[in-house]
Structure formats: C-alpha cells, structure tokens
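Sequential numbering of the sequence shown, starting at 1, is according to UniProt numbering. C-beta: ideal position from N, C-alpha, C; glycine also. Below is one structure; the comments refer to it alone.
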Amino acid sequence: MLCDVSLHFCHSVFFIGFFSQLCFTHSLQCFPLLLWKMSALQLQRSNPRFKFYMVIDLVNGSCVMMSLLNVFILQDKGLREFVANMAEPYDCTECKESLYGQKYILKEENPFCIKCYETLFSHNCEVCQKLIGCTSKDLSYKDRHWHSECFLCIKCSRSLVDRPFATKDDMLMCTDCYSNEYSAKCHACLKTIMPGSKKMEHKGNSWHENCFTCNRCQQPIGTRSFVLKDANNYCLSCYEKQFALQCVHCKKPITTGGVNYRDQPWHKECFVCIGCKQQLAGQRFTSRDDFAYCLDCFCNLFAKKCAYCTTPISGLGGSKYISFEQRQWHNSCFNCKRCCVSLVGRGFLTCKDDILCPDCGKDF
C-alpha cells in the first residue's frame with residue numbers, strides 16, 4: 001500500500017495569533033482516498049493573548065501528526081493524549097530514516113521507504129533485467145516476473161497482458177503463434193488443437209475431444225474402451241454388433257480371444273469337455289459324434305480296456321497296442337504269463353485267457 005506524507009495547507013485554514021514555532025504536517029493518508037473534512041480546534045496557551053487555531057483531519061480515523069517546538073498547555077485530556085501520540089517518530093523499518101514528508105509502503109504492517117522496499121522485495125524483469133519498481137505493474141508466472149510492457153509474445157511481439165498464452169522452452173507465446181508453430185492437428189477435422197483444450201491421442205494421432213467419436217454411432221468415445229478397425233475407431237458395443245463373431249455355444253459376441261473349432265467360433269470359456277466341463281483351449285482333446293472330449297473322459301467312455309491291466313487304451317498320440325481275437329493289450333502289458341518276457345514282435349501261444357511264450361507253452 002503506497003502512502004504519502006507531505007506538507008499541506010488548506011485554503012480554509014485561518015491562523016490567529018503568534019505561532020511562528022508551530023509546524024503542521026499532513027496526516028498519513030493512503031492515496032487516492034485523500035478526502036478531507038476540516039474542523040477547528042482552539043488551543044489556548046496559559047497566556048490568553050496568544051490564541052491560535054490548528055486544523056486536523058478527523059476523517060475515518062486518519063492520523064494527524066504535529067511537531068510542537070513549544071510546550072502548550074492543553075485543557076482537553078483526550079486532545080492532549082492525541083497530540084502526544086502524534087509526536088512519536090515514524091521511520092523506515094530497514095534503514096530507520098524518517099518517513100515524514102516521504103512516500104513509503106506498508107508490508108505486513110511495517111513501513112518501508114521506497115528504496116528499501118525495492119531493494120528487499122522487488123523483482124527483476126525476465127526480459128530487460130531491470131528492476132520492477134513500486135510504480136510499475138509486476139506480472140508473474142511460475143516464479144518469473146515481467147514489466148507489463150515487456151510481457152510480449154516472443155514471435156509476434158503482441159502484448160500478452162490479459163490474454164491467454166502458452167509457453168515453449170520457457171518462451172511466452174500467444175495462442176495463435178503457439179498453435180501455428182507447435183500445436184497438433186486433429187486427425188478428424190484437420191483443425192489445430194488449441195493449447196489448453198482437451199485432446200485424445202492414440203498411436204501418434206490426435207483428436208479434439210468431441211472429434212474422437214465412434215465411426216458407427218458417432219458418439220464421443222472419451223476415455224471408454226474402443227477397437228481400431230480399418231483406420232476407424234469403434235466403441236465396444238458398435239464393434240460387437242458390426243464385426244464380432246458370435247459364439248456357437250452361447251450366441252454372444254466374441255470380443256477377445258476365442259477358439260476356432262471345425263470352422264466355428266467359440267468363447268474359450270464355452271469350449272469345454274462334454275464330460276467333465278474342463279476348458280479345452282490349449283489342451284489335447286478328441287471328439288466323438290461332434291462332441292469334444294478331454295483325453296481322460298474320452299478314454300474312460302470309449303477306449304478299449306487292456307486285457308492285462310484293464311486300463312483304457314487310448315491309441316492317441318502315436319501310442320501302440322496289440323490286438324488279438326477281440327482283445328487288446330498295451331505294448332508294455334503284452335508279456336508271457338509265466339516268465340513275463342515281452343511278446344511284442346514274437347510268436348506266442350494262448351492258453352485259455354493267458355498268453356505264453358513258445359518256451360513256456362511247451363509244458364502245456
């Protein structure tokens with residue numbers, strides 16, 4: 001707050017008597033609110049032949065300061081205290097110089113002369129590097145300061161005071177220059193995306209927020225999930241309706257993943273063993289009568305049983321087995337009943353339900 005302490009005399013002031021040693025000073029007024037209402041107070045010395053009038057400011061509690069070089073006897077107690085308070089010194093907080101008759105600035109209720117205030121608190125302009133004085137506007141942005149006349153676009157030199165602006169490498173630019181130099185162009189309308197406005201980006205392309213729409217329903221996609229197909233963006237709902245395959249089992253769209261079996265699309269979670277309901281995606285399986293089975297279920301339900309160990313013989317994955325007279329054996333189970341020698345690729349004899357090697361068969 002800039003204040004002024006100066007010597008003023010009003011044309012409405014009349015002095016009567018002898019007062020050559022009395023000095024009057026104007027009150028500390030914060031200009032431009034320099035409004036005066038004048039009232040006269042009669043001060044009377046002990047000698048009644050010396051009378052005079054002094055004009056003081058009583059508006060809004062403003063201060064009237066007097067320097068009395070002679071001692072006056074004031075009859076009114078309140079006025080006596082008033083004059084005593086106004087006789088106190090009023091100095092700069094930093095250099096201690098008197099501020100009577102000087103301009104000064106209040107900072108946190110502490111008065112500073114102009115020189116001390118500018119030394120302690122004023123900033124240097126980013127452009128001209130000169131001090132931004134108390135009588136100049138100090139424009140600041142991110143702890144940087146400018147004179148109002150130095151706050152210009154680096155490209156076109158237009159004033160940026162009370163205008164929107166952008167920064168590039170700490171340089172100030174008006175929005176027009178910034179847009180022409182650096183702003184992205186909308187992939188849809190091909191117009192500049194102005195600084196400070198919302199934009200959407202995907203795979204190196206940019207859009208105005210309202211231009212980033214579904215190619216089918218034309219509604220803004222915003223931050224929702226979408227699918228890019230043939231250089232067009234689709235919201236999930238429209239993509240499923242227009243392009244997604246439908247699962248053979250549940251008849252719902254397949255949006256991600258899926259399994260193709262016998263040229264038919266399936267959800268992974270729908271393509272399961274008909275027996276145990278285990279998912280078959282990524283697993284070995286087989287089929288019977290157009291139904292898919294995991295190997296365990298298929299063997300348990302349809303595979304022949306080994307005549308020796310009675311476990312199923314799958315015959316899948318290139319595994320070998322022996323078949324003889326409606327009976328089957330795992331290769332590892334096709335052994336002589338008596339000596340347990342493998343009979344795979346060798347002659348053998350049968351004795352009721354048993355098989356024997358030729359040597360053991362001689363005894364029968």
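Buried or exposed (CB count within 10 angstroms, at least 16 for buried), Gly347
To locate residue 347, count along the sequence shown from 1; it is residue 347. When all chains shown are included, Gly347 counts as exposed.
Let me make sure I understand the geometry here. Which of Met200, Gly345, Ser122, Asp296 has the alpha-carbon closest to that of Lys277?
The residue labelled residue 277 in the question sits at position 277 within the sequence shown. With distances taken between Cα atoms, Lys277 lies closest to Asp296.
Please confirm if Cys309 has its CB atom under 8 Å from at least one CB of chain B.
Among the protein chains of the structure shown there is no chain B, as only one such chain exists.
By Cβ distance, which residues of its chain are closer than 7 Å to Leu99, with the 5 residues on each side in sequence left out?
The count along the sequence shown starts at 1 and reaches residue 99 at position 99. Result list for Leu99: Val5, Tyr90, Asp91, Cys92, Pro111, Cys113, in chain order.
Report the partner residues of Ile322 according to the DSSP bridge assignment.
Position 322 of the sequence shown, counting from 1, holds the residue named residue 322. Beta-bridge pairing links Ile322 to Trp329.
Span separating the alpha-carbon of His245 from that of Val272
As a first step, residue 245 must be located in the sequence shown, where it is residue number 245. As a first step, residue 272 must be located in the sequence shown, where it is residue number 272. At residue 245 the sequence reads Leu, which differs from the His that was named. If you take the alpha carbons of Leu245 and Val272, they lie about 18 Å apart.
Less than 8 Å between the C-beta atoms of Tyr117 and Lys130, yes or no?
Taking the sequence shown and counting its residues from 1, one reaches residue 117 at position 117. Taking the sequence shown and counting its residues from 1, one reaches residue 130 at position 130. No. Outside cutoff.
Rounded separation between Tyr178 and Asp170 - CA only:
One-based indexing of the sequence shown puts residue 178 at position 178. One-based indexing of the sequence shown puts residue 170 at position 170. Approximately 13 Å, taken between the alpha carbons.
Quick one: which unbroken beta strand (DSSP E) runs of 3-plus residues sit fully inside the UniProt domain "LIM zinc-binding" (123 to 183)? Chain order, please.
Every unbroken stretch of the beta strand (DSSP E) spanning 3 or more residues and falling wholly within the UniProt domain "LIM zinc-binding" (123 to 183) is given here in chain order: 138 to 141, 144 to 147, 165 to 168, 171 to 174.
Phe298 by DSSP, collapsed to three states: which one?
Indexing the sequence shown from 1 puts residue 298 at position 298. Three-state DSSP puts Phe298 in a helix.
DSSP state of Pro195, grouped into three classes?
Position 195 of the sequence shown holds residue 195. Pro195 falls in the coil class under three-state DSSP.
From this set, Gly345, Gly275, Cys339, Arg338, which residue's C-alpha is nearest Ser323's C-alpha?
Along the sequence shown, read from residue 1 onward, the residue named residue 323 stands at position 323. Nearest C-alpha to Ser323: Gly345.
Check the C-beta distance from Lys304 over to Gln279 and give it rounded, since I have them as a contact under 8 Å.
Mapped onto the sequence shown, residue 304 falls at position 304. Mapped onto the sequence shown, residue 279 falls at position 279. 27 Å between Cβ atoms; not a contact.
Under three-state DSSP, which class holds Gln246?
Within the sequence shown, numbered from 1, the residue matching residue 246 stands at position 246. Strand at Gln246.
Start-to-end residues for the alpha helix (DSSP H) that takes in Lys252:
The sequence position of residue 252 within the sequence shown is 252, counting from 1. No alpha helix (DSSP H) holds Lys252; DSSP gives it neither H nor E.
Does the Cβ of Val259 have 16 or more other Cβ atoms within 10 Å, making it buried, or fewer, making it exposed?
Locating residue 259 in the sequence shown gives position 259, where the first residue counts as 1. Val259 comes out buried.
Can you tell me whether Lys142 is buried or exposed, with buried defined as 16 or more other CB within 10 angstroms of its CB?
Position 142 of the sequence shown holds residue 142. Exposed is the call here.
Mind checking which residues open and close the alpha helix (DSSP H) that includes Lys352?
Translated into the one-based positions of the sequence shown, residue 352 becomes position 352. Run containing Lys352: none; DSSP gives neither H nor E here.
Lys137 to Glu209 span [Cα, whole Å]:
As a first step, residue 137 must be located in the sequence shown, where it is residue number 137. As a first step, residue 209 must be located in the sequence shown, where it is residue number 209. Across the structure, Lys137 and Glu209 are spaced so that their CA atoms are roughly 38 Å apart.
Secondary structure of Thr119, DSSP reduced to three states
Taking the first residue of the sequence shown as position 1, residue 119 is located at position 119. The answer is helix: DSSP assigns Thr119 an H, G or I state.
Expressed to the nearest angstrom, what Euclidean distance is found between the alpha-carbon atoms of Cys360 and Gln326?
Residue numbering aside, residue 360 sits at position 360 when the sequence shown is read from its first letter. Residue numbering aside, residue 326 sits at position 326 when the sequence shown is read from its first letter. Cys360 and Gln326: Cα-Cα distance of roughly 23 Å.
Between the Cα of Asn205 and those of Glu181, Arg288, Asn233, spot the shortest distance and give me the residue it belongs to.
Numbered from its first residue, the sequence shown carries residue 205 at position 205. Answer by Cα proximity: Asn233.
Tell me which same chain residues have a C-beta within less than 7 Å of the C-beta of Tyr321, skipping the five on either side of it?
The residue you call residue 321 lines up with position 321 of the sequence shown. Once the five neighbours on either side are set aside, the close Cβ partners of Tyr321 are Ile313, Gly315, Gln328, Trp329, His330, Asn331.
Evaluate His202 with the Cβ neighbour count: other Cβ atoms within 10 Å of its Cβ, from every protein chain shown; 16 or more gives buried, anything less gives exposed.
Here residue 202 corresponds to residue number 202 of the sequence shown, with the count starting at 1. Answer is exposed; the Cβ neighbour count stays below 16.
Can you give me the start and stop residues for the beta strand (DSSP E) that Cys235 sits inside?
The sequence position of residue 235 within the sequence shown is 235, counting from 1. Residues 232 to 235.
Would you give the residue range spanned by the alpha helix (DSSP H) that Pro358 belongs to?
Working through the sequence shown from its first residue, we reach residue 358 at position 358. Run containing Pro358: 358 to 361, per the alpha helix (DSSP H) assignment.
Cys333 beta carbon less than 8 Å from that of Cys299:
Taking the sequence shown and counting its residues from 1, one reaches residue 299 at position 299. Taking the sequence shown and counting its residues from 1, one reaches residue 333 at position 333. Their beta carbons are not under 8 Å apart, which means Cys299 does not touch Cys333 by this criterion.
Proximity winner among Cys186, Ser140, Cys294, Leu190, relative to Leu172 (alpha-carbon distances):
Your numbering for residue 172 matches position 172 in the sequence shown. Closest by alpha carbon: Ser140.
Would you give the residue range spanned by the beta strand (DSSP E) that Leu228 belongs to?
The residue labelled residue 228 in the question sits at position 228 within the sequence shown. It spans 226 to 229 - the beta strand (DSSP E) in which Leu228 sits, taken as one unbroken run.
Could you give the first and the last residue of the continuous beta strand (DSSP E) run that contains Tyr104?
For the purposes of this step, residue 104 is taken as the residue at position 104 of the sequence shown. It spans 103 to 107 - the beta strand (DSSP E) in which Tyr104 sits, taken as one unbroken run.
Which stretch, first to last residue, makes up the beta strand (DSSP E) that contains Ser287?
Against the sequence shown, residue 287 aligns to sequence position 287. Here the beta strand (DSSP E) through Ser287 covers 285 to 288.
Can you tell me whether Ser183 is buried or exposed? The criterion is at least 16 other CB atoms within 10 Å of its CB, across all chains shown.
Mapped onto the sequence shown, residue 183 falls at position 183. Buried, because 16 or more other Cβ atoms sit within 10 Å of the Cβ of Ser183.
Take Cys156 and list the residues in its own chain whose beta-carbon comes closer than 6 Å to its own, dropping the five residues that flank it on each side.
Counting from 1 along the sequence shown, the entry for residue 156 is found at position 156. The residues are Cys177.
Exposure of Ala231, with buried meaning 16 or more beta-carbon neighbours within 10 Å
By 1-based counting over the sequence shown, the position of residue 231 is 231. Per the 10 Å Cβ criterion, exposed.
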